[in-house]
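Peer 1: For the sequence shown, numbering that gives the first Met the number 0 gives the first residue as 0, with consecutive numbering after it. Cβ coordinates follow ideal geometry from the N, Cα and C atoms, glycine included.
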Amino acid sequence: MKLRIKGDSLRLRLTRAEVQRLDESGTVEERVNFAGGASFVYRLKRDAQICALQASYADGAVEVRVPERIAQEWCRSEKVTLESVQRTSANAELRIVVEKDFACLAPRAGEDESDNFANPSNLRC
Numbered sequence: 000m001k002l003r004i005k006g007d008s009l010r011l012r013l014t015r016a017e018v019q020r021l022d023e024s025g026t027v028e029e030r031v032n033f034a035g036g037a038s039f040v041y042r043l044k045r046d047a048q049i050c051a052l053q054a055s056y057a058d059g060a061v062e063v064r065v066p067e068r069i070a071q072e073w074c075r076s077e078k079v080t081l082e083s084v085q086r087t088s089a090n091a092e093l094r095i096v097v098e099k100d101f102a103c104l105a106p107r108a109g110e111d112e113s114d115n116f117a118n119p120s121n122l123r124c
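#1: Taking the beta carbon of VAL27 as the centre, do at least 16 other beta carbons fall within 10 Å, making it buried, or is it exposed?
#2: Could you tell me the boundaries of the alpha helix (DSSP H) in which ASP22 lies?
#3: Which one or two residues does DSSP pair with GLU62 in a beta bridge?
#4: Among the residues of its own chain, which have a CB less than 8 Å from the CB of GLY59, if the five just before and after it don't count?
#5: How long is the line joining the alpha carbons of ARG10 and VAL31, rounded to whole angstroms?
#6: Are GLU67 and ALA47 closer than 8 Å when you measure CB to CB?
#7: By DSSP, does ARG86 sit in helix, in strand, or in coil?
#8: Rounded to whole angstroms, what's the CA-CA distance from ASP100 to ILE69? Just pull it up for me.
#9: Is DSSP giving ARG12 helix, strand or coil here?
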């Protein structure tokens, strides 16, 4: 799973195996380990108690939650993107995007895309 953070925007991209894991177990998680034993965690989790994508940050972890029914439909369909905006304060919003990760049209050196979704010929990386 890839995490892209830019300003007030979070985007998660999942491979085929990760989409399957979300469908079967309800959670996909990655960890970045740093010197000194510190780590940064980011996870995507199904949640039957919510009705829209939500994100939170606590204890060194970013967690994006997706409504269970929406997650299951997304995992089992050709739909590519889930998207929502979460109000974070009176004047600010966080854009949350969850996508299926497509292989690039041109190979990238050193990047394994064997588990990515096949790229439709009109989609550019």
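Peer 2: Working from what's here:
#1: Locating residue 27 in the sequence shown gives position 28, counting from the first residue. VAL27 sits buried, since 16 or more C-beta atoms from the chains shown fall within 10 Å of its C-beta.
#2: Sequence index remark: in the sequence shown, residue 22 carries index 23 (1-based). First-last of the alpha helix (DSSP H) with ASP22: 15-24.
#3: Here the question's residue 62 lines up with position 63 in the sequence shown. Paired residues: ARG42, SER55.
#4: Within the sequence shown, the letter at position 60 stands for residue 59. Result list for GLY59: ALA37, SER38, PHE39, VAL40, in chain order.
#5: On the sequence shown, residue 10 is found 11 positions in, with the first residue counted as 1. On the sequence shown, residue 31 is found 32 positions in, with the first residue counted as 1. Take the alpha-carbon of ARG10 and the one of VAL31: they are about 17 Å apart.
#6: Stepping through the sequence shown from its first residue, residue 67 is reached at position 68. Stepping through the sequence shown from its first residue, residue 47 is reached at position 48. In this structure, ALA47 lies closer than 8 Å to GLU67 by Cβ.
#7: By 1-based counting over the sequence shown, the position of residue 86 is 87. Reduced to three states, the DSSP call for ARG86 is strand.
#8: On the sequence shown, position 101 is the one that residue 100 refers to. On the sequence shown, position 70 is the one that residue 69 refers to. The alpha-carbon atoms of ASP100 and ILE69 are separated by roughly 18 Å.
#9: For the purposes of this step, residue 12 is taken as residue 13 along the sequence shown, with counting starting at 1. In the three-state reduction of the DSSP assignment, ARG12 falls in the strand class, which pools E and B.
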